[in-house]
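Contents: one structure, followed by commentary.
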Amino acid sequence: MDLEEAKEFKDRCSQCAAVSWGLTDEGKYYCTSCHNVTERSREVINTGAIPNTKIQAINRGLKRKRKLEKGWDWYVCEGFQHILYQQAKALQTLGVGPELKNEVLHNFWKRYLQKSKQAYCKNPVYTSRRKTTVLEDNPSHSDWDSEPELLSDLSCPSFVESGAESQPDVHTQKPFPIIKASQSETASVCSGSLDGVEYSLRKEKGIVKMTVPRTLAFCYLSLLWQRETLTLADLLRFVEEEHIPYINAFQHFPEEMKLYGRDKGIFAIESWPNYEDIYKKIIEVATFLDLPRFPDITEDCYLHPNILCMKYLMEVNLPDEMHDLTCHVVKVTGMGEVDFLTFDPIAKKGKTVKYDVQAVAVIVVVLKLLFLLDDNLEWSLSNIAEKYNEKNEEDKPWFDFRKWYQVMKTAVDEKKQKWEEARAKYLWKSEKPLYHSAIDRSVVYKRREMVVSLQKQFSTLVGSTPTVEKQSPSSFQFSWTEEGSDRTCFHGHSLQGVLKQKGQSLMTKNSLYWLSTQKFCKSYCKHVTTYEESNFSLSYQFILNLFSFLLRIKTSLLHEEVSLIEKRLFKAKYSTTKKKSSRSRKARKC
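Right, here's the structure in full:
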């Protein structure tokens, strides 16, 4: 193996991107860093003994290599399609049915391309720029027939293996014509994609522009259509835990899809998805696609509040007996009705229920009904429960709010600290470097090589390479088991200490209740109500912070949902307040 003779080979290794080559006994180049052997052999200097045909074949191979280095001709929408495909595959790995990828998401994406006039229409937005010539072997194909090329296997994997079976609503696809793109499009200086510059400047009224966050909106709409056992909060948490591609999702693009310049601003994301932001995008996308009423959310569906309440009661270690009370609140408020829960984008309001937020808000209301959460009654009831449990150790223990608070505070603080540390240590830089233009490519790769080298040196000095363990996907963030755990499990505890028998029914010992919001904002205001921590008890703040962390949402959003449930539950109280305010106004006028 001769290292000196291999110095003339300057290509980067496909495995580790290093430029450090040696020669094997067979004359092939191998990487001295990772020992990856390439198919390239050392070029022969003396060509006298080689026939002309052999030289011509080598030249043709080199030309193909150069052409490959320039990359494919691809559009921005194909990049988003590739991200959606990878996200659908990830969801399938998490246990979602294959129908989501092969049917629902595929059809939603086709509908978007048609509505945004990018494909499946007679005059797509790119035909004005795309000066193509169809080769003579396919003279019968028109631009209309060639448009589905945007979804072809040439640029990225298709959503379905058999297009004819899963696309009954679209014309049967004919073989795609062989197309030669114009020289001006192929040699794009400002972006790797053909339309990167045009796409970033495009601002057409009425068109919802595709972005990386909107890929999650497509995924959630598909999950909702299939009524899968995933809420929006779960979806965003799996994104954060890197079970679903989102940050640096472009790394999964094929090598031939060169990405630089304006593409960086389109596909590079440097912030975690926000619940409220994605929720708004879900409404936008569903309205833009003009989707029909979604399948009904019935009592046996995972997204029904009765089932979700049970899930979150288990999650936060609350007694199982509370489920009967949450079901009663859902029934009285009418939140369990099919029409209330089912998403209908065509309806006037155009809103979908925040199923997870609504479920935890119901639990908060039940806790207020039982313990009032005024920093007084809950501690008095805890004293009673503590004395009973000391005297009756063999009986079923009464639920002790104080003890539960201590256990949950410790567990949440530990979980929150790990979460904050993981966020602080997260490496936003992608393994696949991004550069502003093709000219900067070599400089960016050299810098990345230096960074990797320095990281290796520092890890050697420390003594070990820092490895972040990837969490296995789970529907639950907390685990509460009686066996082999120091923390108390409250699932089997009784609510006897806070309930009393009245006839054949049980009533809460607490007869008081305070409303989270006395007066709602006007209709023209962007929010329903405001939330200031200083105005509320410490117990109420703890409960809101606990559930907000669980769903990764703002505390104000949960407070707003609690207020809306109370408005449905205590209609009489709100109507009385309204009458009093109207009377006071009349008195002022007089």
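Residue 8 is where the sequence shown starts when you use my numbering, and the numbers rise one by one after that. No residue lacks a Cβ here, since even glycine has one placed at the ideal position from N, Cα and C. None of the values given here were measured: they were computed from a predicted structure.
Check, Outcome
"Do you know offhand how far A2's Cα is from R269's?", "As displayed, the chain neither begins before 8 nor continues past 597, which places residue 2 out of reach and without an answer."
"Quick check on the burial criterion: 16 or more other C-beta atoms within 10 angstroms. Buried or exposed for C308?", "buried"
"What span of residues does the alpha helix (DSSP H) with W386 cover, start to end?", "L384 to K398"
"Pick helix, strand or coil for N255, following the three-state DSSP scheme.", "strand"
"Would a C-beta distance cut-off of 7 Å place T515 and L377 closer than the cut-off?", "yes"
"Looking at V111 and S229, is the spacing between their C-beta atoms short of 7 Å?", "yes"
"Closest to K338 by CA distance: which of T417, E306, D382 and Y127 is it?", "E306"
"Please report how far the alpha carbon of L522 lies from the alpha carbon of Q365, in whole angstroms.", "17 Å"
"Would you please state the rounded distance, in angstroms, between the beta carbons of P302 and W405? I believe it to be under 8 Å.", "About 42 Å separates the two Cβ atoms, so there is no contact after all."
"To the nearest angstrom, how far is it from the Cα of V436 to the Cα of W28?", "The identity of residue 436 in the sequence shown is Lys, whereas the question assumes Val. If I take the Cα positions, the gap works out to 27 Å."
"With DSSP as the reference, please indicate the residues paired to T515 in a beta bridge.", "L506"
"Can you tell me where the beta strand (DSSP E) with C38 in it begins and where it stops?", "K35 to C38"
"Where does R118 sit, in a helix, a strand or coil, going by DSSP?", "helix"
"Within the continuous alpha helix (DSSP H) that includes W405, where are the two ends?", "Per DSSP, W405 belongs to no alpha helix (DSSP H) and is neither H nor E."
"Quick one: what's got a C-beta closer than 6 Å to L256's C-beta in the same chain, skipping five residues either side?", "Sequence inspection shows Ala at residue 256; the Leu mentioned does not correspond to that position. Counting only Cβ-Cβ distances below 6 Å, and skipping sequence neighbours, we find I90."
"Where do the N-terminal and C-terminal ends of the alpha helix (DSSP H) with W232 fall, by residue?", "V219 to Q233"
"Could you check where the alpha helix (DSSP H) with G272 kicks off and where it finishes?", "R269 to F274"
"Could you tell me which of T488, I214, K432 and E85 sits nearest to F6, measuring between CA atoms?", "Outside the displayed range of the chain (8 to 597) lies residue 6, so it cannot be described from this structure."
"Taking DSSP as the reference, what is the three-state secondary structure of T333?", "helix"
"Would you be able to state if there are at least three C-beta pairs under 8 Å between the segment 338-354 and the segment 320-327?", "no"
"Between which two residues does the beta strand (DSSP E) carrying L107 extend?", "Per DSSP, L107 belongs to no beta strand (DSSP E) and is neither H nor E."
"With a threshold of 6 Å on Cβ separation, who are the neighbours of G199 within its own chain once the five nearest residues in sequence on each side are excluded?", "K265, L266, Y267 and D270"
"Excluding sequence positions up to five away, which residues of its chain have a Cβ less than 8 Å from the Cβ of L553?", "V323, M415 and V419"
"In its own chain, which residues sit with a C-beta less than 7 Å from the C-beta of E247, not counting the 5 before and 5 after it?", "W279"
"Label G78 either buried or exposed according to how many other C-beta atoms from any shown protein chain fall within 10 Å of its C-beta, with 16 as the threshold for buried.", "buried"
"Given this structure, state the Cα-to-Cα distance separating Y119 from N281, to the nearest angstrom.", "23 Å"
"Which of the three DSSP states, helix, strand or coil, is assigned to T45?", "strand"
"Going by the CB atoms, is the gap between Q548 and E539 shorter than 7 Å?", "no"
"Closer than 7 Å by C-beta to S207: which residues in its own chain qualify, once you throw out the five before and the five after it? Chain order, please.", "R269, G272 and I273"
"Tell me the DSSP bridge mates of W279?", "Partner(s): none; W279 has no beta bridge."
"Mark A431 as exposed unless 16 or more other C-beta atoms lie within 10 angstroms of its C-beta, in which case mark it buried.", "exposed"
"Return yes when the Cβ of A392 is within less than 7 Å of the Cβ of I2, no when it is not.", "Residue 2 is absent from the structure shown; the chain starts at 8 and stops at 597."
"Indicate the three-state DSSP secondary structure (helix, strand or coil) for L434 in the structure shown.", "coil"
"According to the neighbour-count rule (16 or more other Cβ atoms, all chains shown, within 10 Å of its Cβ), is T333 buried or exposed?", "buried"
"Hey, H498 and W487 are a contact pair by Cβ (cut 8 Å); roughly how many whole angstroms apart?", "7 Å"
"For a test of the three-state rule: what should DSSP assign to S27, helix, strand or coil?", "coil"
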